[in-house]
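Some notes on the structure that comes next.
In the numbering used here, the protein residues as written are 266 to 581.
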């Protein structure tokens, strides 16, 4: 016996949301999926009229779906949308993602930039990892990559005049990040969690997360229904990271206790509100003594990393 859609009460159900008990047909799934993302944008005022938004697009399902949704929304909210893909320089990994990002941007009529670690920093991620290993630096490749990728996206946003950077972090990503930072006892990073940043600076372009409350598996289903080409190759470095272990752990918990990831992110949101009143006022945004970019340290993480590696960042 087939199950009827919980929303339209007419068509057969296609997808079951175990955390809510909803059974959705294909049409209602698409409508509900888009409404949730747009509701997140509206509720938190992530994008407003006249904004210039730079979408970070890796070529994976999450970022391609984000680009697709923002392209639909830009006509209604009257904002400018451009896209960027970062080529980190990981052998056998990024080329297909760049191709898919370029193709999707072209189809949607969106200006698209490709920037690389090699051009910006003089080294690929693979080369940086090799240097770090030779120097005995105990820092995971994902840490190098995150620091350098965020800096490069921010610098590009400043150059093109964007006032927002949209990233495709989803519910799963955010739940993992909450758990990782709590394990590490890093309150400052916990404060930075959220759908938009709590701290502003003229040289820091705010990052927004329209997909923050959307589960990863629903993004994959939406991409399939919308016939957005999927790119399933995973970065080889992720398997070495704590995040991979946390991801597997949370997936097991979600399977046994549907709604676990939503609960983690919801609890983090409440914690962030509390910390904003106590921690944020104490945070001092300084200017890095080396590069002049905003930082909570005397020397920013990017410059500190290059100093550790014994290499210098090329002049712009």
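No residue lacks a Cβ here, since even glycine has one placed at the ideal position from N, Cα and C.
Whether residue i touches residue j by CB criterion (7 Å)
i: residue 354; j: residue 391; result: yes
i: residue 484; j: residue 435; result: yes
i: residue 345; j: residue 300; result: no
i: residue 377; j: residue 348; result: yes
i: residue 427; j: residue 470; result: yes
i: residue 351; j: residue 380; result: yes
i: residue 453; j: residue 537; result: no
i: residue 418; j: residue 430; result: yes
i: residue 488; j: residue 330; result: yes
i: residue 416; j: residue 269; result: no
i: residue 314; j: residue 343; result: yes
i: residue 496; j: residue 407; result: no
Own chain partners of residue i with C-beta closer than 8 Å, once the 5 adjacent residues on each side are dropped
i: residue 574; result: 393, 396, 397, 400 and 402
i: residue 569; result: 562
i: residue 302; result: 334, 475, 476 and 479
i: residue 322; result: 328, 329, 331, 332, 348, 349, 350, 366, 369, 370, 377 and 433
i: residue 591; result: Coverage of the chain is limited to positions 266 through 581, which leaves residue 591 absent and any answer about it impossible.
i: residue 466; result: 550 and 559
i: residue 276; result: 269, 270, 290, 291, 292 and 293
i: residue 548; result: 453, 456, 464 and 561
i: residue 556; result: 565, 567, 568 and 578
Local conformation of residue i per DSSP, three classes
i: residue 543; result: helix
i: residue 379; result: strand
i: residue 352; result: strand
i: residue 305; result: helix
i: residue 337; result: helix
i: residue 406; result: helix
i: residue 275; result: coil
i: residue 530; result: helix
i: residue 472; result: strand
i: residue 494; result: coil
i: residue 283; result: coil
i: residue 319; result: strand
i: residue 460; result: coil
i: residue 572; result: helix
i: residue 346; result: strand
i: residue 270; result: coil
i: residue 431; result: strand
i: residue 360; result: helix
i: residue 554; result: coil
i: residue 560; result: strand
i: residue 289; result: strand
i: residue 581; result: Confidence in residue 581 is poor, its pLDDT being 48 and thus under 50, which makes the residue's placement unreliable; the coordinate value appears in the next sentence. It is coil, neither helix nor strand.
Same chain only: Cβ atoms within 7 Å of residue i, ignoring 5 sequence neighbours per side
i: residue 558; result: 468 and 565
i: residue 368; result: none
i: residue 279; result: 289, 290, 291 and 294
i: residue 581; result: Confidence at residue 581 is low in this model, with a pLDDT of 48, below 50, so its placement is unreliable and the value that follows should be read with caution. Cβ within range, chain order: n/a, list empty.
i: residue 404; result: 397
i: residue 540; result: 452, 455 and 456
i: residue 472; result: 430, 432 and 462
i: residue 372; result: none
Nearest-angstrom beta carbon gap, residue j and residue i [assumed within contact, 8 Å]
i: residue 476; j: residue 433; result: 6 Å
i: residue 324; j: residue 363; result: 6 Å
i: residue 554; j: residue 311; result: Contact flag wrong, Cβ pair sits at about 33 Å.
i: residue 507; j: residue 550; result: Not really, about 28 Å apart at Cβ, beyond 8 Å.
i: residue 498; j: residue 361; result: 6 Å
i: residue 500; j: residue 386; result: 18 Å between Cβ atoms; not a contact.
i: residue 422; j: residue 338; result: Wrong, their Cβ atoms sit about 19 Å apart, outside the cutoff.
Any chain B beta carbon closer than 7 Å to residue i
i: residue 329; result: The structure shown contains no chain B; it is built from a single protein chain.
Neighbourhood of residue i by C-beta distance below 6 Å, restricted to the same chain and skipping five residues each side
i: residue 267; result: 277
- Query: Given 8 Å as the limit, is there contact between the region 529-536 and the region 429-449, that is, 3 or more CB pairs closer than that?
  - Reply: yes
- Query: How do the region 513-530 and the region 282-291 stand: do at least 3 beta-carbon pairs fall below 8 Å, yes or no?
  - Reply: yes
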